[in-house]
Structures are given as structure tokens and as C-alpha cells.
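Below is one structure, written out as C-alpha cells; the observations come after it.
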Amino acid sequence: MAEETTRNNAQTENCDTYTGMPLIGDKAPAFRAMTTMGKCNFPDDYKGKWVVFFSHPADFTPVCTTEFVALARRAEEFRALNAELLGLSIDSLHSHLAWAESIEHIDLGGKGKVEIPFPIVADISMKVAKLYGMLQTVASTQTVRAVFIIDPDSIIRAILFYPMSTGRNIDEIKRIILSLQKHDADNVSTPADWNPGDDVVLPAPLTLETARGRLADSDEALKKYSWYLTMRKDS
1237 MAEETTRNNA QTENCDTYTG MPLIGDKAPA FRAMTTMGKC NFPDDYKGKW
1287 VVFFSHPADF TPVCTTEFVA LARRAEEFRA LNAELLGLSI DSLHSHLAWA
1337 ESIEHIDLGG KGKVEIPFPI VADISMKVAK LYGMLQTVAS TQTVRAVFII
1387 DPDSIIRAIL FYPMSTGRNI DEIKRIILSL QKHDADNVST PADWNPGDDV
1437 VLPAPLTLET ARGRLADSDE ALKKYSWYLT MRKDS
């Protein structure tokens, strides 16, 4: 805990030069910035909510535009999970506003036009990008496609990084939030390729006695593949 506090303090105090990144389990580094929807005091403004904090390489880029359209179309799905979307790139506020306005005129895939319903952080100084390790090469001042999933207590629970050429999978981002919420609610884990309604994984026994008890358990809802791998139907 002391090491985590020291690291977070160092990140906040030296955000002009820090180029590392916070880790899963860390407190989300704090910052204040302007966004396309006004001032943001992060993470305090989002206490009690899940946050999908994501960066994109630059405004007016084609792959990012497809992601913004996809996220805009599904923003209400995230809000239904008590999750908010927050974007960032190292462009100016005016550039963000012009880009968001231009997206409103695009009918991608013939599915209808959208408005961008989430704020975009203006980070032309690159302070926030450095604070979150979003700049991963000295050869470029563009942020990679980073995703930080942050829980209602402002703890980083998952981190995804995509190369600039690959658009993000919105289904996977939503699935991760659902998995984390399932874990928090029921103290279970989710297996590979899990989706809501699929079997879940029980915690592995930590003593010989509980391992033997698990194998001897007659509960028909349990699927016992081994003493350390037991699954059950999702409740």
C-alpha cells in the first residue's frame, strides 16, 4: 500500500515528465482539465460510477472516428451499467469541438447519424497522457489507443492497449465491465469467452480440507473438473 501511494503521488506531482503508467489496482491518477462538456475534476467528478477512460491518437483520424460513432451509439448501454465514457487526445479543445461536430454529419454504415454524448479531454500539453502512460514511443507525440476501466472507488480494474491501426472492440470493453461487476457482486470469476448467463468459476480452495470438501460436494449445480477448477451456473 505504501508503494502504491508513493507511486501515485510521484505521478501526480511530476505529470509534466512522467511517462510510465498506473497499474491495475492503483488509484486512478487525478487531474483537472477542460473537456468538450466543461471542466473535469477527475476522478472526483465520477465517484460512485464506473468509467471507461480512453485515448485516441488524434482528432480527425478515420479509425478513431469509427470508434466514436460506435461508442456514441452504445453510450446508453454503458450508462445502464452505471458506467460513463471519457475520451482524450492531445489536441486542443477547439479541435475536439470541430471534430465532434463533423462526426454528427457522418452516417456510418447507413445506421443513422449520432451526436457525441460523452466529454473529450483537451490535453495539448500532454500532461494527462503522460500521467496515464498513453505515449508509448518517443518517436511519436500521438497517444496509442489506451482504455482504462475504473471502478466506482476510482481504482483501475483493467487496462487495454491497442495499436493506432486497430479499432477497439466495444463488445469486449462492455464484457469486461460486466465481468468485474459479476466478480464484485458474487465473488466469482469468469472463464474464457464468458458472457452474461454463462457458467462462472468459483474461487480455488486454499486448504486441503476445503479442496476435499469441494470434491465431495453433492450440489448438482456445480461442475467439478478438478479440485481447483469448479464452475457453476450463473445465478
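Numbering-wise, this note's numbering comes out as the position in the sequence shown, counting from 1, plus 1236. Note that beta-carbon positions come from the ideal geometry of N, C-alpha and C, so glycine has one too.
- In the displayed model, residue 1391 falls within a strand according to three-state DSSP.
- Taken through DSSP and simplified to helix, strand or coil, residue 1321 comes out as strand.
- Under the DSSP assignment, residue 1304 falls in the alpha helix (DSSP H) whose first and last residues are 1298 to 1309.
- A Cβ-Cβ contact shorter than 7 Å links residue 1400 with residue 1293.
- Within the DSSP bridge table, the entry for residue 1274 names 1271 as partners.
- Counting only residues of its own chain and dropping the five nearest sequence neighbours on each side, residue 1352 has a CB closer than 7 Å to the CB of 1304, 1308, 1336, 1339.
- Membership of residue 1336 in the alpha helix (DSSP H) is indicated by the continuous run 1329 to 1339.
- As DSSP reads the structure, residue 1263 sits in a beta bridge with 1391.
- Sorting 1441, 1457, 1455, 1471 by C-alpha distance to the C-alpha of residue 1465 places 1441 at the top.
- When 1370, 1389, 1328, 1341 are compared, the shortest CA-CA separation from residue 1361 is found for 1328.
- Cβ-Cβ distances below 6 Å link residue 1277 to 1268 in the same chain, with the five nearest sequence neighbours on each side left out; the list follows chain order.
- Contact check for residue 1416 against residue 1393 passes: the beta carbons are separated by less than 7 Å.
- Pairing residue 1438 with residue 1296, the inter-Cα distance amounts to about 46 Å.
- The continuous alpha helix (DSSP H) containing residue 1415 extends over residues 1406 to 1422.
- Between residue 1279 and the set 1368, 1418, 1458, the nearest pair of CA atoms involves 1368.
- Counting of Cβ neighbours within 10 angstroms places residue 1459 among the exposed residues, the total staying below 16.
- A direct Cα-Cα distance of roughly 24 Å separates residue 1273 from residue 1391.
- The residue among 1423, 1347, 1386 with its C-alpha nearest the C-alpha of residue 1284 is 1386.
- In this structure, residue 1287 places its C-beta atom within 7 Å of the C-beta atom of residue 1320.
- The criterion of a C-beta distance shorter than 7 Å is satisfied by residue 1271 and residue 1356.
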